[in-house]
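Q: In order, the protein sequence lines correspond to chains A and B. First residue of the first sequence? That's 562 in this note's numbering, and the numbers climb one at a time after it. First residue of the second sequence? That's 562 in this note's numbering, and the numbers climb one at a time after it. Okay, handing you the structure first.
2 protein chains.
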Amino acid sequence: MLQDFEKCKPEDKDTLNAEIKELRARLIATQQLLREKKLPVLVLIEGWAAAGKGSLIKEIISEIDPRFYNVVSPAVIPESESRYPFLYPYASAIPENGKLIFLDSGWMENVVRKQLRLEISKEEYKRRVRAVNEFERQLRDGGYLVLKIFLHIDKKEQFERLNALTESADTEWRVTADDLWQHREYKQFMKAYDDFMEKTDETVKWHILDGTKKKAAVRDAMKLLVEKIDKALEKGRYTGEPFEEEFPLLKMPKLSEVDLSPAIEEEEYKKELKKLQKRLSELHNVIYRKKIPVILCYEGWDAAGKGGNIRRVAYPLDPRGFDVHPIASPEPHELNRQYLWRFWTRLPRTGHICIFDRTWYGRVMVERLEGFCSEKDWKRAYNEINEFERQLTDWGAVLLKFWIHIDQDTQLARFNERQNTPEKQWKITEEDWRNREKWPQYETAVDEMLQKTSTENAPWFIIESNDKHYARIKALRIIVEALEKACESHFENTYG
Amino acid sequence: MLQDFEKCKPEDKDTLNAEIKELRARLIATQQLLREKKLPVLVLIEGWAAAGKGSLIKEIISEIDPRFYNVVSPAVIPESESRYPFLYPYASAIPENGKLIFLDSGWMENVVRKQLRLEISKEEYKRRVRAVNEFERQLRDGGYLVLKIFLHIDKKEQFERLNALTESADTEWRVTADDLWQHREYKQFMKAYDDFMEKTDETVKWHILDGTKKKAAVRDAMKLLVEKIDKALEKGRYTGEPFEEEFPLLKMPKLSEVDLSPAIEEEEYKKELKKLQKRLSELHNVIYRKKIPVILCYEGWDAAGKGGNIRRVAYPLDPRGFDVHPIASPEPHELNRQYLWRFWTRLPRTGHICIFDRTWYGRVMVERLEGFCSEKDWKRAYNEINEFERQLTDWGAVLLKFWIHIDQDTQLARFNERQNTPEKQWKITEEDWRNREKWPQYETAVDEMLQKTSTENAPWFIIESNDKHYARIKALRIIVEALEKACESHFENTYG
């Protein structure tokens, strides 16, 4: 990669200018097509400090309508964002359909620096490389055009540029301590960049450009971009194929096999509830102090009792330390991005608890059954979700998933009760009745979901909820036990 | 206020429990009505450290459906947010229609602490108090129910509670250095709280509750909330009346008086463009270093040349330091909040430039003419916008507003050209033709807007754009001059 990179030969300036002009015109011409074909484009520009990443982006975007692109500099990740998974700033920044985004350095710089600073272990480095490959593949499979460019300059060139920047007070601030460190350790960085690029070159290829020849680099970058866009527009939006990956899965029963008779006496319920809530309240303090992020996922039949269950879990928590995210149909800005985006952007900070009232599993349930996504999309989602969840637990999150389960008779009784109780009528809609008619299809989908996504790190729990009290105690107990375990064990997986 | 606050007498526990139970039931019953009537509710809980703000909120929300509320702790404002105006975290957190939000301390704590730390001058304190009053009134006038509670405990009680917290490792972290400082300076804080509450008691009243009597405080807070909600639901959503405020206004010509003949020669255009862009590029560095936020607002007729003008301004800027925000029709989550919310959340950080391609002035143009808001709403908006913009310039922002102006013939010629040029057709829609028919109504609205919102701190500039080149040079020159002035003058108004 960088080790054997050959510098470009000087080219004729006028020819270059003419080429850039033509590419610029082509890029403008594709703007509207991007929009029509709803193609989202993510351009990642990595490279050496002072290699000219900003200027390169400036030249590429100069004639694009500002409505169609955005430039993001995750390099300046605020302190608060380091309380999220390392991919969080990038996953939050992905473009809407029909738009371009330019990342002025991104996940590569992030991971390489942390590694060289010894802030992450070798094991964690491997996990991050894997996560990056997963992230890029998921974007590609979700129809994103991803282009990765590395802007290269040698040590001598870097010296001259850093030097020039320090000569004026107005540009001096641009040279950071990190830049100087990189310059001193140029060789080590080169090795680390090479290693990272080699390991992330499979799904989306890297393109190394010579930053010394500014105009040629602009021409090359624009050419890559325009040609890739043209190709993507010609072929239409890509949809990834489903594939099998080896996730160690927990054995789950079929829903029809679940015994729904478990119940609890009123007296014991009250006693247990009080005890478990007290313990959860204590654990919340420990979690906060140890900075453990906690993600609780609720799925289940309509009227199964998700809301009441969630309220019993939320009650003992410090309101400053948790959020409940009710997940309804996506809004336009959510629908226009990869389906996990609206969950990425709702993740808790370390030390916080977040409860999802419905989750990303909508992909393999309602979206599958209502045809809101293609067959390939939902078939691929099992793996994508397993990967996403592994990224979360690798980050250090406690991730528990509850299927709140009832039988059809219980649902009918609760529907009727809602219908006949004025202050509960809002809880029941036409859609609920329609969904009820599709019970068998849903059951098939839920069974498949439970089989394919119950991993050791992010297990599913079927919560028998014909007796709501029983269901609440069971969920609370599982949460308390998982948090106790997490608080006891040393917390090694999270790095700032 | 606090000085003469009388402690509550002990009350019978069982009676209290019964009252709370009844209030809880009433609160649950209003949930659905809140949603139907689209009433948004903001509850601000301020008070002493360890007064029990978190527990109070916990008790209030315990039975509310998590889909209807949110708890926000702006006390933990990340470092990065201090690069925004002081009201930013609160303005960003306002609830959607039909939902409740609880702020666990907010703008009062923020302003009072900064003042006691001498981080803001007396003048700035006054400005912030004014901004708070404006903010609260704008929310109220926009139909928000705002409830402000101060939870009071005396110094002795605070001592005991802080002491108890430090006794366990799991709660010790809750006591911050700031809390201990507050405890030491209890008297001073009391004076400062009193002063702030007296000065912000007019539009939305303060309610002081006795934090020593926990249950009674819960009862009182819930009672306040339930009664206010009932009253608001009965009366229907409030719409504020327009009112006159004395903003010193710059004299603006009527659009019909504007001479649109100014033009520039090709040669001079190129020369000037290059010169101004070079200067702007240099100034961007200074702005970044001096942490001056810059907000450029573009409004104008369809096909007036906003896009091209913006591109010429953006070109010389470092892409890491600016954003362009194209403003289209609001999405549901935007429409469901006060109209300035989607602009608050798009403000630049200090040292950054942001360009709005259409702005909050939509309120007094398209929303006025298409009936998307009531007459009172748009008539009130002139003042609200002047206040909003003064808050931004008080923060230290350079705020410039451009009306890109052409005549009807020029628009027609450009519309026709777009219609007849295949690669430009996307730029012209049916809506553009419809808007064109309403030119006279728009002209009246624009004239009124220019008369009523051109303030010294946030002036309007009419940019003659029959000759697009002329328009670009004029806008660039205005920007460069304003930035030079801002960079020269000492930067006194911004506080972290």
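Note that CB positions come from ideal geometry on N, CA and C, so glycine has one too.
Could you give the DSSP three-state label for A/H913: helix, strand or coil?
A: In this structure, A/H913 counts as coil in the three-state DSSP scheme.
Q: Taking a Cβ distance cut-off of 9 Å, strictly less, list which residues of the region 569-599 of chain A are near chain B, in chain order.
A: Residues passing the 9 Å Cβ filter: I589, A590, Q592, Q593, R596 and E597.
Q: Where B/S842 and B/I853 are concerned, what is the direct C-alpha to C-alpha distance, given to the nearest angstrom?
A: Roughly 15 Å between the two C-alpha positions.
Q: Is A/Y859 helix, strand or coil by DSSP?
A: Strand at A/Y859.
Q: Interface residues of chain A around B/E607 at Cβ under 7 Å?
A: Ordered by position in chain A, no residue passes the 7 Å Cβ test against B/E607, which lies about 14 Å from the chain.
Q: So does the region 881-901 of chain B actually touch the region 812-827 of chain B, counting three or more Cβ pairs closer than 8 Å?
A: At 8 Å Cβ cutoff, the stretches do not touch.
Q: Could you check whether the Cβ of A/V819 sits closer than 7 Å to any heavy atom belonging to the ligand ADP?
A: The ligand ADP is not part of this structure, which contains no ligands at all.
Q: Suppose you measure from the CA of B/L577 to the CA of B/K775; what does that come to, to the nearest Å?
A: Their backbone Cα atoms lie some 10 Å apart in a straight line.
Q: Assign A/G1057 to one of two classes, buried (16 or more other C-beta atoms within 10 Å of its C-beta) or exposed (fewer than that).
A: Annotation note: pLDDT 36 at A/G1057 (below 50); position unreliable, coordinate value reported separately. Flag for A/G1057 reads exposed.
Q: Mapping DSSP to helix, strand and coil, what is B/I581?
A: Three-state result, B/I581: helix.
Q: Show which residues of chain A have a CB atom less than 7 Å away from the CB atom of B/A875.
A: Under the 7 Å cutoff, chain A gives P627.
Q: At 9 Å on the CB atoms, spell out the chain A contacts of B/S623, in chain order.
A: Near B/S623 (Cβ distances below 9 Å), the residues of chain A are R872, A875 and Y876.
Q: In this structure, does DSSP put B/D756 in helix, strand or coil?
A: It is helical.
Q: Please determine, among A/G608, A/L595, A/I589 and A/K574, the residue with the shortest C-alpha to C-alpha distance to A/L563.
A: Comparing Cα-Cα distances from A/L563 to each of A/G608, A/L595, A/I589 and A/K574, the minimum goes to A/G608.
Q: Which full runs of the alpha helix (DSSP H) of 4+ residues lie inside the region 932-960 of chain B, going along the chain?
A: Complete alpha helix (DSSP H) runs here, min 4: 936-955.
Q: For A/P891, which residues of its own chain have a beta-carbon under 7 Å away from its beta-carbon, when the five flanking residues on both sides are left out?
A: Only R903 meet the Cβ criterion.
Q: Are the beta-carbon atoms of A/Y747 and A/R910 separated by less than 8 Å?
A: No, the pair does not count as a contact, with Cβ atoms beyond the cut-off.
Q: Using a threshold of 8 Å, state whether the C-beta atoms of A/I710 and A/A782 are closer than that.
A: Yes, these two residues count as a Cβ contact at 8 Å.
Q: Suppose you measure from the CA of B/S643 to the CA of B/R951; what does that come to, to the nearest Å?
A: Rounded to whole angstroms, B/S643 to B/R951 spans 18 Å at the Cα level.
Q: Taking only three categories from DSSP, how would you classify A/W921?
A: Of the three classes helix, strand and coil, the one that applies to A/W921 here is helix, per DSSP.
Q: Residues of the region 916-948 of chain B in Cβ contact with chain A at a cutoff of 9 Å, in chain order, please.
A: Per Cβ criterion, the list reads I916 and D918.
Q: For the beta strand (DSSP E) holding B/F904, just list the boundary residues, first then last.
A: Careful: B/F904 lies outside any beta strand (DSSP E), inside the alpha helix (DSSP H) at W902 to W905.
Q: Quick one: list the residues of chain A neighbouring B/P1130, beta-carbon separation under 8 Å, in chain order.
A: With chain B represented from 562 up to 1057, any question about residue 1130 of chain B goes unanswered, as that position is not in the structure.
Q: Assuming the contact rule is C-beta atoms closer than 8 Å, A/G797 and A/H713 should be a hit. Round their C-beta distance to whole Å, please.
A: The Cβ separation is near 34 Å, so there is no contact.
Q: For B/F976 versus B/A864, is the C-beta spacing smaller than 8 Å?
A: Closer than 8 Å, so yes.
Q: Please decide whether A/G868 counts as near chain B, where near means a Cβ-Cβ distance under 8 Å.
A: Cβ-Cβ to chain B under 8 Å: yes for A/G868.
Q: Measuring only the C-alpha atoms, how far is A/E1045 from B/L664?
A: Roughly 30 Å separates the two Cα atoms.
Q: Output, in chain order, the set of chain A residues within a Cβ distance shorter than 7 Å of B/P887.
A: Chain A residues near B/P887: P627 and R628.
Q: Please confirm if B/W862 has its CB atom under 8 Å from at least one CB of chain A.
A: Cβ-Cβ to chain A under 8 Å: no for B/W862.
Q: How would you write the range of the beta strand (DSSP E) that A/F720 sits in, first residue to last?
A: Unbroken run through A/F720 is the alpha helix (DSSP H), K716 to T727; no beta strand (DSSP E).
Q: Only counting the same chain, and skipping five residues up and downstream in sequence, which positions put a Cβ closer than 7 Å to that of A/L648?
A: Correct list, in chain order: W668, A692, F696 and Q952.
Q: When you compare each of B/Q749, B/K574, B/I589 and B/R585 to A/K985 by their alpha carbons, which one comes out closest?
A: Selected option, being the one with the closest Cα: B/I589.
Q: Which residues, taken in chain order from the region 962-981 of chain A, show a beta carbon closer than 7 Å to some beta carbon of chain B?
A: Answer in chain order: no residues at all.
Q: Would you please verify whether the beta carbon of B/T732 is less than 8 Å from any beta carbon of chain A?
A: Yes, its Cβ sits closer than 8 Å to a Cβ of chain A.
Q: Inspect the beta-carbon positions of A/E860 and A/R919 and report whether they are closer than 8 Å.
A: In this structure, A/R919 lies closer than 8 Å to A/E860 by Cβ.
Q: How long is the line joining the alpha carbons of B/E948 and B/L600, rounded to whole angstroms?
A: Their Cα atoms are separated by approximately 24 Å.
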